[in-house]
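Below is one structure, written out as structure tokens, with a few remarks after it.
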Amino acid sequence: MPAFNHKLYLVTDERACLGRDFFKVVEAAIKGGVDVVQIREKELPEKEFLNKTLKLKELCDKYNIPLIVNDMLSVAMHGRTAGIHVGNSDLSPVMIRMQWPESVLGYSLEHVDQLSTSHAMVADYIALSPVFPTATKTDTITEWGLEGVREVRALTKHPLVAIGNVHAGNAAEVIRAGANCLAIITAICSANDPERAASVIRNEIERA
Ligand code: TZP
Ligand code: MG
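Next comes the structure, spelled out in structure tokens:
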């Protein structure tokens with residue numbers, strides 16, 4: 044399995060870019076310190092999602108940054124991306140691992156009991172989803188909070204990605220609680236200056 048040693052993970056949402064050019068926002072975020080990108084565009088039909096993935100892959104390749112696709116295995120493989128991220132209502136990580144052994148495979152953990160399943164075992168990183176309540180994704184069961192991050196940290200050696208309302212003001216404490224990487228939509232994509240926002244958060248991570 045590939046090592047997942049990234050620290051600042053941009054998750055995309057065109058709507059969060061507030062009408063600005065999507066690719067410019069992502070490029071600014073990368074310049075600011077984002078070191079892995081996930082394309083997550085829930086509104087798009089498969090063909091458009093694939094086209095957008097191919098274009099984003101070119102941009103990520105330019106900066107030597109891995110691109111990971113949310114949910115859609117066909118798009119992830121066809122687009123020759125680095126991997127795929129799935130939640131509990133998506134394709135099973137075990138199935139994905141069999142079909143695509145070399146992928147970077149991320150799995151969203153919603154409950155601590157899921158940690159001992161084969162789905163978590165085969166994942167390259169575990170996302171604590173959501174770490175804090177967020178308006179960006181509301182169909183979630185419960186929030187992990189800092190206590191939840193500490194609890195999971197004590198139970199696994201998997202790299203932990205924290206997602207959900209993470210921003211410059213709480214980044215350091217989430218890392219100190221045991222997260223290896225922070226995944227962010229709004230605090231970067233909707234910032235006045237996405238490059239600066241990413242850079243400030245990246246500094247918080249380094250300082251934590
Ligand atoms: N999964 C759990 S929370 C979330 C996802 C995709 C949304 C994170 O967005 P934001 O705007 O950084 O809170
Ligand atoms: Mg999903």
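Just so we're aligned, residue 44 is where the sequence shown starts under the working numbering, counting upward by one.
Glycine residues also receive a C-beta, built at the ideal position from the N, C-alpha and C atoms.
Could you say if the region 189 to 202 and the region 227 to 236 meet the contact criterion of at least three C-beta pairs nearer than 8 Å? Remark: fewer than three beta-carbon pairs, one from each stretch, lie closer than 8 Å, so the region 189 to 202 and the region 227 to 236 are not flagged as touching.
Report whether the distance from the Cβ of A230 to the nearest heavy atom of the ligand TZP is below 7 Å. Indeed, a heavy atom of the ligand TZP lies less than 7 Å from the Cβ.
Using only alpha-carbon positions, find the residue among T181, M141, T177 and S132 that is nearest to Q157. Nearest C-alpha to Q157: S132.
Should R245 be listed as close to the ligand TZP, given that the test is whether its C-beta is under 7 Å from any heavy atom? Result no, Cβ not under 7 Å from the ligand TZP.
The region 165 to 178 contacting the region 204 to 222, beta-carbon criterion three pairs below 8 Å: Counting Cβ pairs under 8 Å, three or more are found: they touch.
Terminal residues of the beta strand (DSSP E) in which S151 lies: V147 to L152 is the extent of the beta strand (DSSP E) around S151.
Between the Cα of E101 and those of L87, A125 and K85, spot the shortest distance and give me the residue it belongs to. Minimum Cα distance to E101 is reached at A125.
Please state if the CB of V118 and the CB of E89 are separated by a distance shorter than 8 Å. E89 is a Cβ neighbour of V118, given a cutoff of 8 Å.
Report the residue ranges of all beta strand (DSSP E) runs contained in full by the region 88 to 115; include only those spanning at least 3 residues, in chain order. Qualifying beta strand (DSSP E) stretches, in chain order: 110 to 113.
I184 in three-state terms, based on DSSP: I184 sits in coil when the DSSP states are folded into three classes, being neither helix nor strand.
Can you tell me where the alpha helix (DSSP H) holding A72 begins and where it ends? That run of the alpha helix (DSSP H) goes F65 to G75.
The beta strand (DSSP E) enclosing I82, as first and last residue numbers: Annotation: the continuous beta strand (DSSP E) that includes I82 extends over V79 to I82.
G62: beta carbon under 7 Å from a heavy atom of the ligand TZP? If you check the C-beta of G62 against the ligand TZP, you find no heavy atom less than 7 Å away.
When you compare only the Cα positions, how much space is there between T183 and V112? Taking the straight line from one Cα to the other gives about 20 Å.
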